[in-house]
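Take a look at the structure below.
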Amino acid sequence: MKYSIKDLDITLEELYEGERQVHVHVIDQNKVFHVVLKDRHGIDCKLTCFAANQWFRTDRGMEMRKYPSFGAMQREINKLLKEKIGTKGLIQYSLSDVVYDF
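Per the working numbering, the sequence shown starts with residue 1, numbered consecutively.
Here's what the structure looks like:
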(Lines of atoms letter the chains of each structure in order from A and count residues from 1; the text may use other names and numbers.)
(Lines give C-alpha, C1' and ligand atoms only; values in the text may rest on other atoms or scores of the structure.)
Protein backbone atom coordinates (compact mmCIF):
# COMPACT_ATOMS: atom_id res chain seq x y z
CA MET A 1 0.00 0.00 0.00
CA LYS A 2 1.07 3.56 -0.68
CA TYR A 3 0.35 6.90 0.99
CA SER A 4 -0.26 8.62 -2.36
CA ILE A 5 -2.19 7.58 -5.47
CA LYS A 6 0.56 8.95 -7.73
CA ASP A 7 3.01 6.44 -6.20
CA LEU A 8 0.98 3.54 -7.61
CA ASP A 9 2.32 2.05 -10.83
CA ILE A 10 -0.42 3.33 -13.16
CA THR A 11 -1.43 6.40 -15.13
CA LEU A 12 -4.58 8.42 -14.70
CA GLU A 13 -5.71 7.50 -18.23
CA GLU A 14 -5.32 3.77 -17.49
CA LEU A 15 -7.59 4.20 -14.48
CA TYR A 16 -10.21 6.05 -16.54
CA GLU A 17 -10.04 3.31 -19.18
CA GLY A 18 -10.98 0.82 -16.46
CA GLU A 19 -7.90 -1.41 -16.73
CA ARG A 20 -7.35 -1.44 -12.96
CA GLN A 21 -8.93 0.18 -9.92
CA VAL A 22 -7.68 2.08 -6.89
CA HIS A 23 -8.64 0.88 -3.42
CA VAL A 24 -8.68 3.38 -0.56
CA HIS A 25 -7.87 1.84 2.82
CA VAL A 26 -9.27 3.81 5.77
CA ILE A 27 -7.11 2.35 8.50
CA ASP A 28 -8.83 3.72 11.63
CA GLN A 29 -12.22 2.38 10.51
CA ASN A 30 -10.98 -0.82 8.86
CA LYS A 31 -12.84 -0.04 5.61
CA VAL A 32 -11.79 -0.39 1.98
CA PHE A 33 -13.40 1.84 -0.65
CA HIS A 34 -13.22 1.20 -4.40
CA VAL A 35 -12.66 4.28 -6.58
CA VAL A 36 -15.00 3.92 -9.58
CA LEU A 37 -13.86 6.23 -12.40
CA LYS A 38 -15.83 4.64 -15.21
CA ASP A 39 -19.26 3.13 -14.90
CA ARG A 40 -21.97 2.01 -17.30
CA HIS A 41 -22.88 5.64 -18.01
CA GLY A 42 -19.37 6.96 -18.71
CA ILE A 43 -16.95 9.08 -16.68
CA ASP A 44 -17.56 9.11 -12.95
CA CYS A 45 -15.76 9.34 -9.62
CA LYS A 46 -17.43 7.59 -6.73
CA LEU A 47 -16.24 5.71 -3.69
CA THR A 48 -17.97 2.45 -2.81
CA CYS A 49 -17.53 0.21 0.23
CA PHE A 50 -19.48 -3.02 -0.11
CA ALA A 51 -18.80 -4.19 3.46
CA ALA A 52 -20.19 -0.97 4.97
CA ASN A 53 -22.91 -0.52 2.32
CA GLN A 54 -21.73 3.05 1.65
CA TRP A 55 -21.05 5.02 -1.49
CA PHE A 56 -20.33 8.69 -2.25
CA ARG A 57 -19.70 10.74 -5.38
CA THR A 58 -17.06 13.45 -5.59
CA ASP A 59 -17.89 16.85 -7.09
CA ARG A 60 -16.30 15.91 -10.41
CA GLY A 61 -18.13 12.59 -10.35
CA MET A 62 -21.44 14.43 -10.08
CA GLU A 63 -20.41 16.60 -13.03
CA MET A 64 -19.10 13.57 -15.00
CA ARG A 65 -15.73 15.28 -15.47
CA LYS A 66 -12.24 13.77 -15.34
CA TYR A 67 -9.64 14.79 -12.79
CA PRO A 68 -6.63 16.59 -14.27
CA SER A 69 -4.13 15.01 -11.84
CA PHE A 70 -3.70 12.41 -9.12
CA GLY A 71 -3.18 15.20 -6.57
CA ALA A 72 -6.56 16.78 -7.29
CA MET A 73 -8.27 13.38 -7.12
CA GLN A 74 -6.58 12.41 -3.85
CA ARG A 75 -7.41 15.73 -2.17
CA GLU A 76 -11.08 15.34 -3.10
CA ILE A 77 -11.20 11.69 -1.95
CA ASN A 78 -9.58 12.50 1.39
CA LYS A 79 -11.90 15.48 1.92
CA LEU A 80 -14.97 13.41 1.09
CA LEU A 81 -14.00 10.58 3.45
CA LYS A 82 -13.34 12.98 6.32
CA GLU A 83 -16.69 14.67 5.69
CA LYS A 84 -18.84 11.56 5.16
CA ILE A 85 -17.39 8.97 7.54
CA GLY A 86 -15.44 11.17 9.94
CA THR A 87 -12.06 9.54 9.52
CA LYS A 88 -9.13 11.32 11.13
CA GLY A 89 -6.73 8.45 10.66
CA LEU A 90 -4.38 7.09 8.08
CA ILE A 91 -5.53 6.65 4.48
CA GLN A 92 -3.56 4.40 2.13
CA TYR A 93 -4.00 3.34 -1.50
CA SER A 94 -3.51 0.16 -3.49
CA LEU A 95 -4.31 -1.15 -6.96
CA SER A 96 -6.60 -4.01 -7.90
CA ASP A 97 -6.98 -5.97 -11.12
CA VAL A 98 -10.64 -6.53 -10.23
CA VAL A 99 -12.64 -3.55 -11.52
CA TYR A 100 -16.14 -2.75 -10.28
CA ASP A 101 -18.32 -0.32 -12.24
CA PHE A 102 -21.09 0.20 -9.71
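For glycine and all other residues, C-beta sits at the position ideal for the given N, C-alpha and C.
For residue i, does the count of other Cβ atoms within 10 angstroms reach 16, so buried, or fall short, so exposed?
i	result
D44	buried
V35	buried
K73	Residue identity check: residue 73 is Met in the sequence provided, not Lys. The residue is buried, with at least 16 neighbouring Cβ atoms inside 10 Å.
F70	buried
V24	buried
V98	exposed
What residues match up with residue i in a beta bridge as DSSP calls it?
i	result
F50	Looking at the DSSP assignment, F50 forms no beta bridge with any residue, so it has no partner.
Y93	K2, V24
R57	K46
F102	Answer is none; F102 lacks a bridge partner.
Name the residue from the options whose alpha carbon lies nearest to the alpha carbon of residue i.
i	options	result
K6	R65, F102, L95, K38	L95
T134	E83, V32, K31	Examination of residue 134 is not possible in this model, given that the chain is present from 1 through 102 alone.
L80	I10, R60, K66	R60
M1	P68, N78, I91, C49	I91
K31	R20, A51, K46	A51
Taking 8 Å as the limit between beta carbons, can you name the residues of its chain near residue i, skipping five residues before and five after?
i	result
D101	G18, V36, K38, D39, R40
Could you name the residues of the same chain whose beta carbon sits closer than 7 Å to that of residue i, not counting the 5 residues immediately before and after it, in chain order?
i	result
T87	V26, D28, Q29, L81
Y3	Q92
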